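Taking it in order: structure first as structure tokens, then the write-up.
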Amino acid sequence: MRVLGIDPGLRNLGWGVIDVAGSRLTHVANGICHSAPGSKASDSGDLAARLLSLHGQLTEVLREFAPDAAAVENTFVNKDAVATLKLGQARGIALLVPAQFGITVGEYAPNAVKKTVVGVGHAAKAQIDHMVRIHLPGVVIAGADAADALAIAICHAHHVQSSGRLQAALKRAAG
1 MRVLGIDPGL RNLGWGVIDV AGSRLTHVAN GICHSAPGSK ASDSGDLAAR LLSLHGQLTE
61 VLREFAPDAA AVENTFVNKD AVATLKLGQA RGIALLVPAQ FGITVGEYAP NAVKKTVVGV
121 GHAAKAQIDH MVRIHLPGVV IAGADAADAL AIAICHAHHV QSSGRLQAAL KRAAG
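Position 100 of the sequence shown, counted from 1, bears residue number 100 in the working numbering, the numbering being contiguous throughout.
Here it is, written out as structure tokens:
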């Protein structure tokens, strides 16, 4: 199974692709989609251009790497409502593009991703980066947003495997 992890952001949208074979995880690719800035950050036209830019770049990632599954980090609400709303719109792109390819998208809270990859729910960015490198030996990470995206992909892979084992156990018990 090939999994695409997406760390949504309006300026920088991280992505990471891994292959999963049993319990083995293999790095395929990672990167960051940078939205094209306009003249004014508050201009709604600028927001539309940024979203269009992210959509086009993420579409190319899906075309090139053809994932079987995708996962996106949930948005947390912070004190700046306007920033949270804009992040939510970028997250919409992160959900929309895989859906356009017929891919079901898993969604995970930031603490769930951290707990799965690092072992604690309040891990720092440096800890996430370090653990991603342990899970995917030899990986060259494009930046913090790409490391987060790879962590999201790893989290999804673990949850899908756990769910599969549970379904198989339930089937055996019922049979």
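Every residue gets a Cβ at the ideal spot worked out from N, C-alpha and C, and that includes glycine. In this text, all values refer to a predicted model and were calculated from it rather than measured experimentally.
Could you say which of the options lies nearest to residue i if we only look at CA atoms?
i: ALA147; options: GLU73, GLN57 and ARG2; result: GLU73
i: ILE152; options: SER35, LEU25 and GLY138; result: LEU25
i: ARG91; options: MET1, LEU10 and ALA70; result: LEU10
i: ASP129; options: ARG2, MET1 and GLY14; result: GLY14
i: GLY22; options: ASN111, MET1, GLY31 and VAL28; result: MET1
i: ASP145; options: VAL132, VAL3, HIS156 and PRO67; result: VAL132
i: HIS135; options: GLY102, SER162, ASP19 and GLU107; result: ASP19
i: GLU107; options: ASP80, GLY119, THR75 and HIS27; result: THR75
i: ARG50; options: ASN12, ILE103 and PRO137; result: ASN12
i: HIS27; options: ALA173, PRO67, ALA99 and GLN161; result: PRO67
i: ASN30; options: ALA36, GLY138 and GLY121; result: GLY138
i: ALA157; options: VAL17, PRO8 and LEU95; result: VAL17
i: PRO8; options: GLY121, LEU54 and ALA36; result: LEU54
Assign residue i to one of three DSSP states: helix, strand, or coil.
i: ARG11; result: coil
i: ASP19; result: strand
i: CYS155; result: helix
i: ILE6; result: strand
i: GLY175; result: coil
i: THR104; result: coil
i: THR26; result: strand
i: VAL72; result: strand
i: GLY88; result: helix
i: SER130; result: The residue you asked about is not Ser; residue 130 is His in the sequence shown. Reduced to three states, the DSSP call for HIS130 is helix.
i: GLY56; result: helix
i: SER42; result: Residue placement at SER42 is poorly supported in this model, since its pLDDT is 48, which falls under 50; the coordinates still yield a value, given next. It is coil, neither helix nor strand.
i: GLN161; result: helix
i: HIS135; result: helix
i: ILE93; result: helix
i: MET1; result: coil
Would you call the CB atoms of residue i and residue j closer than 7 Å?
i: ALA70; j: VAL105; result: yes
i: ALA149; j: GLY56; result: no
i: VAL117; j: ILE154; result: yes
i: VAL97; j: THR59; result: yes
Whole-angstrom Cβ separation of residue i and residue j, contact assumed at under 8 Å?
i: ALA142; j: ILE32; result: 5 Å
i: ALA123; j: LYS114; result: 4 Å
i: ASN111; j: GLY119; result: No, ASN111 and GLY119 are not in contact; Cβ-Cβ is about 12 Å, not under 8 Å.
Please indicate yes or no: does the CB of residue i lie closer than 6 Å to some heavy atom of the ligand GTP?
i: LEU85; result: Because no ligand of any kind appears in the structure shown, any question about the ligand GTP cannot be addressed here.
Segment contact flag, the region 81–91 with the region 59–66, C-beta cutoff 8 Å, min 3 pairs | With a cut-off of 8 Å, the region 59–66 and the region 81–91 do not count as touching, because too few Cβ pairs lie within range.
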